[in-house]
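Engineer: In our numbering, the protein residues as written are 10 to 408.
For glycine and all other residues, C-beta sits at the position ideal for the given N, C-alpha and C.
Below is a structure I'd like to ask you about.
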Ligand code: HSE
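Encoded structure:
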């Protein structure tokens, strides 16, 4: 039997408990032994919960108990989660997490610590909720140089975009439904302003490039500026608008960005809706591969955590991580203003005025002045937009 603890009994932590309890027989059959939850760490009162005896408020109780070898961290954030993760790793326990912020900011240190202690630090649930993406990227696609990653990686915003623009719900109602369904972060600003996607693309890019990326260097925008007019124009072009985290790697240099994107109907990301996420990886040998599934929610995210827990048990505490994750290298980032993109623009100028500045653009039929530019650098776009006297919408186009 392997004894484990759960740190944080919110949406995801309680999902881990439910799966370990409900699917106990399946889990035992697959790993050859029972997985037993011995402690749940949470400062709130759970005295009426059927597992009330398991709750503790002091992380040291878990750290000191040598019979516990495995810990699921579902606390979120980088304060207590960071402190307790280090404590557990230092006590020789493997830690499995869904905490993208912690992995993206402290991955270098935590992977080294796990290595030193001969235990595992696993994070499949940190990107894409229930979708397998970390293992496919570092194992199945290991033979490739990853050229690009484009992902719809935030369930909350994809849910909101679907509800607002397909079902005419208000932003406020769609967000409160996403919160009720357990999709949104404690502070949903992290979802709607793109921070959550930024952390996830940072993790995937770090795995592909072999070193940590400072999140602060990833330009990011959320969904709050997308208008009904933008979505209508996209539909006229047979395209959709999605919040995308992307990275492109060329000659060891990386660009990464989070922004709304116009997705044409021939791209597999086009029809990903609701809480679903999809991550499109392009490798130099394999070509395009897309992983798709539920990107947020209790059971989906907990399913990825429990999968990691089971792998740690199967590998007797030391799952071979199979990737390198070093500190950020000087000069590895491509200057964002020099990055090239194609842009969708909506403006309150005439078509002739737009053409005079942007040249031979493709106008959206049936819209007053909306068009798609040629490929150009971010800097060149901003200069042209200034010359035009500003634009109403600027959305990058998937290419
Ligand atoms: N708030 C996140 C989302 C949860 O909506 O995708 C999963 O990481």
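Whose CA, out of 134, 383 and 173, lies closest to the CA of residue 308?
Structural biologist: Reading the chain shown from its first residue, position 299 is the one you call residue 308. Comparing Cα-Cα distances from residue 308 to each of 134, 383 and 173, the minimum goes to 134.
Engineer: Can you find a heavy atom of the ligand HSE that lies under 6 Å from the Cβ of residue 164?
Structural biologist: Stepping through the chain shown from its first residue, residue 164 is reached at position 155. Yes.
Engineer: When you compare each of 258, 252 and 136 to residue 281 by their alpha carbons, which one comes out closest?
Structural biologist: Numbered from 1 along the chain shown, position 272 holds the residue referred to as residue 281. For the residues 258, 252 and 136, the minimum Cα distance to residue 281 belongs to 252.
Engineer: Report the CB separation of residue 16 from residue 83 in whole angstroms; it is logged as a contact under 8 Å.
Structural biologist: As a first step, residue 16 is located in the chain shown; it is residue number 7 there, counting from the start. As a first step, residue 83 is located in the chain shown; it is residue number 74 there, counting from the start. Yes, residue 16 and residue 83 are in contact; Cβ-Cβ is about 7 Å, under 8 Å.
Engineer: At a cut-off of 6 Å, is residue 305 close to the ligand HSE when judged by its beta-carbon and the heavy atoms of the ligand?
Structural biologist: Within the chain shown, numbered from 1, the residue matching residue 305 stands at position 296. Correct: residue 305 has its Cβ closer than 6 Å to the ligand HSE.
Engineer: Should residue 11 and residue 44 be called a contact, given that it needs their Cβ atoms to be closer than 7 Å?
Structural biologist: Residue 11 sits at position 2 when you count from the first residue of the chain shown. Residue 44 sits at position 35 when you count from the first residue of the chain shown. Against a cut-off of 7 Å, the Cβ pair of residue 44 and residue 11 comes out as a contact.
Engineer: Rounded to whole angstroms, what's the CA-CA distance from residue 140 to residue 300? Just pull it up for me.
Structural biologist: Along the chain shown, one-based indexing puts residue 140 at 131. Along the chain shown, one-based indexing puts residue 300 at 291. Distance between the alpha carbons of residue 140 and residue 300 is about 7 Å.
Engineer: In or out: residue 34 buried (at least 16 other Cβ within 10 Å) or exposed?
Structural biologist: As a position in the chain shown, residue 34 is number 25, starting the count at 1. With fewer than 16 Cβ atoms within 10 Å of its Cβ, residue 34 is classed as exposed.
Engineer: Shorter than 6 Å, the distance from the beta carbon of residue 409 to the closest heavy atom of the ligand HSE, or not?
Structural biologist: Limits of the chain in this structure are 10 at one end and 408 at the other, which puts residue 409 out of reach.
Engineer: To test your reading of the DSSP string, which unbroken alpha helix (DSSP H) runs of 4 or more residues are found completely within the region 20-77?
Structural biologist: 20-31, 33-40 and 68-73
Engineer: Would you mind listing the beta strand (DSSP E) stretches within the region 336-381 that are 3+ residues and don't spill past its ends, in chain order?
Structural biologist: 349-355 and 379-381
Engineer: So, for residue 371: in the same chain, excluding its five sequence neighbours on each side, which residues have a beta-carbon less than 8 Å away from its beta-carbon?
Structural biologist: Here the question's residue 371 lines up with position 362 in the chain shown. Only 380 and 381 meet the Cβ criterion.
Engineer: Compare the C-beta of residue 168 against all C-beta atoms of chain B and say whether one is closer than 7 Å.
Structural biologist: In summary, chain B is missing from the structure at hand, where a single protein chain is found.
Engineer: When you compare the CB positions of residue 287 and residue 214, do they come within less than 7 Å of one another, or not?
Structural biologist: Indexing the chain shown from 1 puts residue 287 at position 278. Indexing the chain shown from 1 puts residue 214 at position 205. No. Outside cutoff.
Engineer: Under 6 Å from any heavy atom of the ligand HSE, does the C-beta of residue 200 make it?
Structural biologist: Here residue 200 corresponds to residue number 191 of the chain shown, with the count starting at 1. Checking the Cβ of residue 200 against the ligand HSE gives yes.
Engineer: Quick one: what's residue 297 bridged to in DSSP?
Structural biologist: Start at 1 with the first residue of the chain shown, and residue 297 comes out as number 288. Its beta-bridge partners are 291.
Engineer: Can you determine whether any heavy atom of the ligand HSE sits closer than 6 Å to the C-beta of residue 51, and answer yes or no?
Structural biologist: Mapped onto the chain shown, residue 51 falls at position 42. No, the ligand HSE has no heavy atom inside 6 Å of this Cβ.
Engineer: Along the beta strand (DSSP E) that carries residue 262, what are the first and last residues, could you check?
Structural biologist: Start at 1 with the first residue of the chain shown, and residue 262 comes out as number 253. Unbroken beta strand (DSSP E) run through residue 262: 262-273.
Engineer: In whole angstroms, what separates the C-alpha of residue 328 from that of residue 57?
Structural biologist: Here residue 328 refers to the residue found at position 319 when the chain shown is read from its first residue. Here residue 57 refers to the residue found at position 48 when the chain shown is read from its first residue. About 36 Å.
Engineer: Could you tell me which residues DSSP puts in a beta bridge with residue 258?
Structural biologist: Along the chain shown, read from residue 1 onward, the residue named residue 258 stands at position 249. Residue 258 pairs with 263.
Engineer: Can at least three beta-carbon pairs, one atom from the region 101-114 and one from the region 200-216, be found at a separation below 8 Å?
Structural biologist: yes
Engineer: Restricting to Cα atoms, I'd like to know which of 39, 241, 24 and 340 is closest to residue 353.
Structural biologist: As a working note, residue 353 is residue 344 in the chain shown. It is 241 whose Cα lies nearest to the Cα of residue 353.
Engineer: Does the beta-carbon of residue 52 have 16 or more other beta-carbons within 10 angstroms, so that it is buried, or is it exposed?
Structural biologist: For the purposes of this step, residue 52 is taken as residue 43 along the chain shown, with counting starting at 1. Label assigned to residue 52: exposed.
Engineer: Could you check whether the region 310-317 touches the region 342-353, counting it as contact only if at least three pairs of C-beta atoms, one from each stretch, sit closer than 8 Å?
Structural biologist: Short answer: they don't touch.
Engineer: Once DSSP output is grouped into helix, strand and coil, what is the label at residue 383?
Structural biologist: The count along the chain shown starts at 1 and reaches residue 383 at position 374. It is coil, neither helix nor strand.
Engineer: My parser needs the beta strand (DSSP E) runs of 3 or more residues fully inside the region 101-147; what are they?
Structural biologist: Those beta strand (DSSP E) runs which fall completely within the region 101-147 and span 3+ residues are 103-106.
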